[in-house]
Amino acid sequence: MPKIVSLAVHCRQIHREDLLAEYAADNPLSAEEIGYTSRKNVTWRCAYGHTETESPYNRLRRGYCKTCGKRQEGSFAQNHPEAARLWSKKNPILPTEISPAYSKPVLWECDKGHIWKRSIAAQLHAAAPCPFCKKEANALFTLHPELLAEWDTKRNGNIAPSSVRFMSNVQYHWICPRGHSFTASPAERIRRHKGCPICSSFGMQYPDAAAEWHPSKNTFTPYEVSSSSTKTAWFICQNCGTEYQSVIQDRARRKRPYCPYCPRKK
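Here the sequence shown stands for residues 385 to 650, numbered as in this note's numbering.
Okay, here's the thing in structure tokens:
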């Protein structure tokens, strides 16, 4: 004689723990003791407190409370029609066959074909309906498409531009329109308006002043320092040959003469 599969086992096999939860505790037989195909009438109590009497066989065939589910009052689809629109067809149950109190994770699918797993409660309280669309909306190049032209595909390897988050602190490789390579995070590029450090360097911004850069006394080049730097650098006057020091931003802004010893006006 074949072994009878209990209501409890069958509900777990078909992921209908919500129906199992409706099996009233005051029934003479527990859900572990009664077969899922039994025609014996038992008591059911749904998440909304409706009490009904019917067999496990009939309850499973319908899949929901007659009082609320048949008219779709209290079903997930009835209570949350917009959220139910994302219910994936890959689920073994329909949103009209389940209450909003169902706690197990289910599949969801957006209009773009993204599929993810969440419980109903998590989906209803999520900041965005689709986690993948949310990531796309927060992608750097979605918000700042002009930066995509400077993305260094070769040095960034297999990193997809679409995966780069807006305001991320991760360092990525870039190539400016003049062909200079540099690294910067999206946060630096957006919040601090950081572009190519070479193009914004003292040497590129002030080529005439950089022409007096001392070739041996400085530990960095005029292209490795910003024109607004407060560092002190050595210069050689092109007029008199005098070596002198100056704060780089002062030299760039001409707050002081080019050469403190040269009599010519600058």
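Just so it is clear, CB atoms sit at the ideal spot from N, CA and C, and this is done for glycine as well.
Note that the coordinates shown come from a computational prediction; the quantities given were computed from them, not determined experimentally.
Whole angstroms are fine: how far does the CA of A594 sit from the CA of D634? On the sequence shown, position 250 is the one that residue 634 refers to. On the sequence shown, position 210 is the one that residue 594 refers to. Between D634 and A594, the C-alpha separation is close to 13 Å.
So, for E583: in the same chain, excluding its five sequence neighbours on each side, which residues have a beta-carbon less than 7 Å away from its beta-carbon? Taking the sequence shown and counting its residues from 1, one reaches residue 583 at position 199. In the sequence under discussion, the amino acid at residue 583 is Cys, which differs from the Glu named in the question. So the list reads C560, R562 and H564, once near-sequence residues are dropped.
Which residues in the same chain have their Cβ closer than 7 Å to the Cβ of W471, if we skip the five residues on either side of it in sequence? Walking along the sequence shown from the start, residue 471 turns up at place 87. If we look at W471 and ignore the five residues flanking it on each side, its Cβ neighbours are P479 and W492.
Three or more C-beta pairs under 8 Å: does that hold for the stretch 597-604 against the stretch 569-583? Proximity of the stretch 597-604 to the stretch 569-583 falls short of the contact definition, fewer than three beta-carbon pairs being nearer than 8 Å.
I need the straight-line Cα distance from H394 to A512, nearest angstrom please. Here residue 394 refers to the residue found at position 10 of the sequence shown. Here residue 512 refers to the residue found at position 128 of the sequence shown. For the pair H394 and A512, the Cα-to-Cα distance works out to about 34 Å.
Completely contained alpha helix (DSSP H) runs for the stretch 521-554, where each covers 4 or more residues: Inside the stretch 521-554, DSSP marks whole alpha helix (DSSP H) runs of 4 or more residues at positions 524-527, from first to last along the chain.
Which word fits L356, buried or exposed, when buried means at least 16 other C-beta atoms lie within 10 angstroms of its C-beta? Missing from the structure shown is residue 356; the chain here goes from 385 to 650 and no further.
Inter-residue Cα distance where the pair is K519 and A571: Along the sequence shown, one-based indexing puts residue 519 at 135. Along the sequence shown, one-based indexing puts residue 571 at 187. Here the alpha carbons of A571 and K519 stand approximately 16 Å from one another.
Presumed contact (8 Å Cβ cut-off) between S611 and Q629, rounded CB distance: Translated into the one-based positions of the sequence shown, residue 611 becomes position 227. Translated into the one-based positions of the sequence shown, residue 629 becomes position 245. With a beta-carbon spacing of about 17 Å, S611 and Q629 fall beyond the 8 Å limit used to define contacts.
For S546, is the classification buried or exposed, using 16 other Cβ atoms within 10 angstroms of its Cβ as the cut-off for buried? Working through the sequence shown from its first residue, we reach residue 546 at position 162. Taking a 10 Å sphere around the C-beta of S546, we find fewer than 16 other C-beta atoms and assign the residue as exposed.
Judging by CA-CA distance, which residue of V554, G587 and A510 is the nearest neighbour of R573? Translated into the one-based positions of the sequence shown, residue 573 becomes position 189. Of the candidates V554, G587 and A510, the one whose C-alpha sits nearest the C-alpha of R573 is V554.
Determine the burial state of A409: buried for a count of at least 16 other Cβ atoms within 10 Å of its Cβ, exposed for fewer. Translated into the one-based positions of the sequence shown, residue 409 becomes position 25. It is exposed - the Cβ of A409 has fewer than 16 other Cβ atoms within 10 Å.
Euclidean distance between Cα positions of V389 and Y420: Taking the first residue of the sequence shown as 1, we reach residue 389 at position 5. Taking the first residue of the sequence shown as 1, we reach residue 420 at position 36. Approximately 6 Å, taken between the alpha carbons.
Across which residues does DSSP place K501 in a beta bridge pair? Your numbering for residue 501 matches position 117 in the sequence shown. Paired residues: L491.
Fully enclosed by the stretch 611-638, which alpha helix (DSSP H) runs are 4 residues long or longer? List check, alpha helix (DSSP H) in window: 632-637.
With which residues is G419 paired in a DSSP beta bridge? Here residue 419 corresponds to residue number 35 of the sequence shown, with the count starting at 1. Answer is S390, bridged to G419.
V426 - partner residues in DSSP beta bridges: The sequence position of residue 426 within the sequence shown is 42, counting from 1. Under DSSP, the beta-bridge partners assigned to V426 are E438.
Mind checking if P545 is an interface residue toward chain B, Cβ cutoff 8 Å exclusive? In the displayed structure, chain B is absent; only one protein chain is listed.
Expressed to the nearest angstrom, what Euclidean distance is found between the alpha-carbon atoms of A533 and N475? In the sequence shown, counting from the first residue as 1, residue 533 sits at position 149. In the sequence shown, counting from the first residue as 1, residue 475 sits at position 91. Approximately 42 Å between the Cα atoms of the pair.
Cβ of S459 within 8 Å of Cβ of Y448? Start at 1 with the first residue of the sequence shown, and residue 459 comes out as number 75. Start at 1 with the first residue of the sequence shown, and residue 448 comes out as number 64. Between S459 and Y448, the C-beta spacing is below 8 Å.
Can you give me the C-alpha to C-alpha distance between R549 and H528, rounded to a whole angstrom? For this step, residue 549 is matched to residue 165 along the sequence shown. For this step, residue 528 is matched to residue 144 along the sequence shown. Approximately 11 Å between the Cα atoms of the pair.
Given a threshold of 16 other Cβ atoms within 10 Å of its Cβ, counted over all protein chains shown, does F619 qualify as buried or as exposed? Numbered from its first residue, the sequence shown carries residue 619 at position 235. When all chains shown are included, F619 counts as buried.
Pair within 8 Å by beta-carbon distance, Y407 and R423: The residue labelled residue 407 in the question sits at position 23 within the sequence shown. The residue labelled residue 423 in the question sits at position 39 within the sequence shown. No; because the gap between Cβ atoms is not below 8 Å, this pair is not in contact.
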